[in-house]
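Here is the structure we will look at, set down as structure tokens.
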Amino acid sequence: MAQEPLAHRIERTQLEATIAALERELVASERRRQGVIDQYERLLECRGRGGGEASNENSDDEMSETGTRDRTALRRLFGLGRQ
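Throughout the sequence shown, residue numbering follows my numbering, covering 960 to 1042 in sequence.
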């Protein structure tokens, strides 16, 4: 079995390193995105309990329904299912 030329081995090594770096960045990006989603969901829950700046004219049921709709829209926006 003939050994592949040095230039091919170097290119393959560079591509493998690039792929590994991109995979690490993807994982980090997913963590950041999930952190934003979690933070937004906590904010919605807080508002649903009356701890936010929601209008006093809204009933608890309306705020809960709005929070659920917002969370559903957020998950749709980010392409997430229940995880």
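Built from N, CA and C at the ideal position, the CB exists for glycine as well. Nothing here was measured: the structure is a model prediction, and the numbers come from that model.
Own chain, CB closer than 7 Å to residue i, minus 5 neighbours either side, in chain order
i, result
"Y999", "L1033"
Simplified DSSP assignment, three categories, for residue i
i, result
"G1009", "coil"
"G1038", "coil"
"A979", "helix"
"A1032", "helix"
"E963", "coil"
6 Å CB neighbourhood of residue i in its chain, flanking five on each side removed
i, result
"I978", "none"
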